[in-house]
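Under our numbering, residues 48 to 215 are what the sequence shown spells out, in order.
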Amino acid sequence: MQHFQPNYRRVWLTFFRNSLLRELTFRGNFLIEIVTRTFWFSAQLALFGIIYRQVPNIQDWSQYEYFAFMATGMLINALVEAIFMPNCAEFSELIRTGNLDFVLLKPIDTQFLVSFQKVNLSMFSQVLLAISLLGFSLHQLNATVTWGQVGMYTLLVIVAVSFFYSLM
């Protein structure tokens, strides 16, 4: 008997394409979500900008050190919300409708299927905003960043996203 081995990269790309088609079907909603996320991002920056106009430091954190920290939290949150949150909401629906039984019978890893089937593409605007804020903050701090530090930062963000996924 031949063992079937799915190509997970191809399956995920199909999931991504389906998510893109879903977003393009409701373009107005997609744009409203991006505008809303940009507004909240700007509101957070404005709030802490106002606070840091009154005081130079909070404990030992300067404004741009805090913005770099805030950008990291936003990046982790945006990745979790983009990749895993739509699927968490869908999981309870699979149980409610009885379709989880059919998912369990498919010839692909169930956790992969349940975890990566939907992607919230509007959250990638938040990813870009967070990376932009991080870059801006590091520039304002005159920080020199090596490729090793970029690699370690990326690894730690992946670990943080994995940690949040494990708590779901």
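Built from N, CA and C at the ideal position, the CB exists for glycine as well.
Query raised in the report: Alpha carbon to alpha carbon, how far is Arg64 from Pro133?
Result: 15 Å
Query raised in the report: Looking at C-beta atoms only, is the number of pairs between the stretch 114 to 132 and the stretch 170 to 186 that lie closer than 8 Å three or more?
Result: yes
**Report entry** Delimiting residues of the alpha helix (DSSP H) encompassing Phe138
**Finding:** Met132 to Thr144
Requested in this report: Please report how far the alpha carbon of Arg143 lies from the alpha carbon of Phe149, in whole angstroms.
Outcome: 13 Å
Requested in this report: Please name the residue or residues paired with Trp108 in a DSSP beta bridge.
Outcome: Ile105
Query raised in the report: Which whole-angstrom value is the C-beta distance of Leu141 and Val208, which I expect to be below 8 Å?
Result: 23 Å between Cβ atoms; not a contact.
Query raised in the report: Is it buried or exposed for Ser184, if we count other Cβ within 10 angstroms and need 16 for buried?
Result: buried
Query - Arg100, buried or exposed, once every other Cβ within 10 Å from all chains shown has been counted against 16 - result: exposed
Query raised in the report: Residues in its own chain within less than 7 Å of Trp59 by CB, not counting five upstream and five downstream?
Result: Phe163
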